[in-house]
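Step one of this worksheet: look at the structure below.
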Amino acid sequence: MRARKAAPIIISNDQQEIKIYTTENHGRPLYQLSYYRGGRRERRSFADLNEAKREARIILGEMARDSIQAENVTAAEIESYTVARRILARVNTPVHVAAEAFVSAREALPADVTMQDAILYFNRFNRGVERKQINAILDEYLAMRRASNVSEHYLAAVHRHLSGFASSAAWARRTRCARRRD
Numbered sequence: 000m001r002a003r004k005a006a007p008i009i010i011s012n013d014q015q016e017i018k019i020y021t022t023e024n025h026g027r028p029l030y031q032l033s034y035y036r037g038g039r040r041e042r043r044s045f046a047d048l049n050e051a052k053r054e055a056r057i058i059l060g061e062m063a064r065d066s067i068q069a070e071n072v073t074a075a076e077i078e079s080y081t082v083a084r085r086i087l088a089r090v091n092t093p094v095h096v097a098a099e100a101f102v103s104a105r106e107a108l109p110a111d112v113t114m115q116d117a118i119l120y121f122n123r124f125n126r127g128v129e130r131k132q133i134n135a136i137l138d139e140y141l142a143m144r145r146a147s148n149v150s151e152h153y154l155a156a157v158h159r160h161l162s163g164f165a166s167s168a169a170w171a172r173r174t175r176c177a178r179r180r181d
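Oh and the sequence shown: position 167 is 166 in the working numbering, straight run, nothing missing.
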């Protein structure tokens, strides 16, 4: 016969609630907070029940502050948000993601440089640059060196060294792309 699960402890502020589930991990009790924030379920685990309760109260306080801010949104702010969502829908980007990207880009620029200036500068100096795979560049380089009548021993050494570089660069590019998707 299975042991009955204990009912969760519920911490509430009359608007939101956080449940604390008690489980066991390696023979010791584990207290897991479970709550919804921004439409997504979040969980946090604690070894001490009092610490879990304290954290639940802190989170409820944050959620209450967020709720009060949402209630104080003006009609102009709602209209601005609606327009921003419509514009960002063209590039399939949520408002908060666009805001984070904008702030990050703005902070990276000097105060006297606008984002438009940075884009124009980038386009001016990067439009004519042809993108090639590293292996294609390696093949071109080896062909040029071969045309210069260098020794086969030299060509083999260059190929060996640069092939390792090309492999490392391809691995780094794949890893970077995988991280962006996550």
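Even glycine gets a Cβ: it sits at the ideal position worked out from N, Cα and C.
Contact set for residue i: own chain, Cβ-Cβ below 7 Å, skip 5 residues either direction
{"i": "Ala51", "result": "Ile19, Tyr30, Leu32 and Phe45"}
{"i": "Glu129", "result": "none"}
{"i": "Ala104", "result": "Met114"}
{"i": "Asn148", "result": "none"}
{"i": "Leu161", "result": "Leu137"}
Inter-residue spacing [alpha-carbon to alpha-carbon] between residue i and residue j
{"i": "Ala100", "j": "Leu87", "result": "12 Å"}
{"i": "Ser186", "j": "Arg39", "result": "Lying before the first or after the last residue shown, residue 186 is absent from the chain, which here runs from 0 to 181."}
{"i": "Asn122", "j": "Gln115", "result": "11 Å"}
{"i": "Pro93", "j": "Arg84", "result": "7 Å"}
{"i": "Gln132", "j": "Ala156", "result": "20 Å"}
{"i": "Arg183", "j": "Glu70", "result": "Outside the shown range of the chain, which is 0 to 181, sits residue 183, and nothing can be said about it."}
Where residue i sits in the DSSP three-state scheme
{"i": "Gln68", "result": "helix"}
{"i": "Ala21", "result": "The displayed chain sequence assigns Thr, not Ala, to residue 21. Here Thr21 sits in strand by DSSP."}
{"i": "Arg40", "result": "strand"}
{"i": "Leu161", "result": "helix"}
Same chain, Cβ closer than 6 Å to residue i, five either side skipped, listed in chain order
{"i": "Ala97", "result": "Leu87"}
{"i": "Asn134", "result": "Ala165"}
Contact set for residue i: own chain, Cβ-Cβ below 8 Å, skip 5 residues either direction
{"i": "Glu54", "result": "Leu32, Arg43 and Phe45"}
{"i": "Ser11", "result": "Ile17 and Leu59"}
8 Å contact criterion, which residue i and residue j should meet: CB distance rounded
{"i": "Leu59", "j": "Ile17", "result": "6 Å"}
{"i": "Arg144", "j": "Leu154", "result": "6 Å"}
Identity of the residues DSSP links to residue i by a beta bridge
{"i": "Gln31", "result": "Tyr20 and Ser44"}
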